[in-house]
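Engineer: This structure is in structure tokens; I'll ask about it shortly.
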Amino acid sequence: GDVLVNARAILTHRIQAVSSDEGETFGESWAVPELHEPWDGCEGSMVINDAKDTLLFTIPNTQAIYRTNLTLWASPDADGKEWTAVKNVDPSNAGYSSLQFLHPDQSEIGILWEQSDNATVVM
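The numbers in the sequence shown follow the numbering used here, run straight up by one, and end at 226.
Shown next, in the form of structure tokens:
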């Protein structure tokens with residue numbers, strides 16, 4: 104099957120690439136300007152809702168030095184060609200996150216994330 108890689112970049116947004124041979128090789132990568140991230144990048148979390156063929160992704164949505172504004176994004180296709188902000192999860196200082204479906208039918212999603220009361224570059 105296909106494999107989508109969504110990665111940090113030395114930019115203020117993510118880059119992606121798709122493999123059609125289970126990760127043996129990848130096509131050309133492309134910038135995803137909708138998915139802002141802090142200037143030094145940040146880990147993000149992605150899951151696919153198989154029933155809806157929709158990707159969900161969390162990352163701090165900022166182009167500043169600090170990791171703030173954790174946002175849940177959705178892509179209506181499994182290749183992540185377009186992204187829409189769904190929910191501002193935490194408008195303050197937030198870093199790494201982890202997404203997990205809470206039920207086998209994928210009807211609810213849980214988000215675990217780093218949070219700090221102090222502005223820091225890396226938590």
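Just so you know, even glycine gets a beta-carbon here, dropped at the ideal spot from N, CA and C.
1. Per DSSP, which one or two residues make a beta bridge with Gly-213?
2. Can you tell which of Leu-158, Pro-163, Ala-177, Trp-176 has the C-alpha that lies nearest to the C-alpha of Thr-115?
3. Give a yes or no on whether the C-beta atoms belonging to Ser-108 and Ala-120 are separated by under 8 Å.
4. Considering Glu-131, what are the terminal residues of the beta strand (DSSP E) in which it resides?
5. Terminal residues of the continuous beta strand (DSSP E) containing Arg-117?
6. Where Ile-168 and Leu-158 are concerned, what is the direct C-alpha to C-alpha distance, given to the nearest angstrom?
7. Look at Ile-214 and Val-192 and say whether their C-beta atoms are less than 8 Å apart.
8. Using a Cβ-Cβ cutoff of less than 6 Å, which residues in the same chain neighbour Leu-175 once the five nearest sequence positions on both sides are dropped?
9. Give the straight-line distance between the Cα atoms of Ser-148 and Tyr-199, rounded to the nearest whole angstrom.
Structural biologist: Put simply:
1. The partner list for Gly-213 (beta bridge, DSSP) reads Gln-203.
2. Pro-163
3. Just to set this straight, residue 108 is Val in the shown sequence, not Ser. Contact: yes.
4. Premise fails: Glu-131 is in no beta strand (DSSP E) and is neither H nor E.
5. Its beta strand (DSSP E) spans residues 116–122.
6. 27 Å
7. Against a cut-off of 8 Å, the Cβ pair of Val-192 and Ile-214 comes out as a contact.
8. Around Leu-175: Thr-161, Val-189, Lys-190, Val-192.
9. 8 Å
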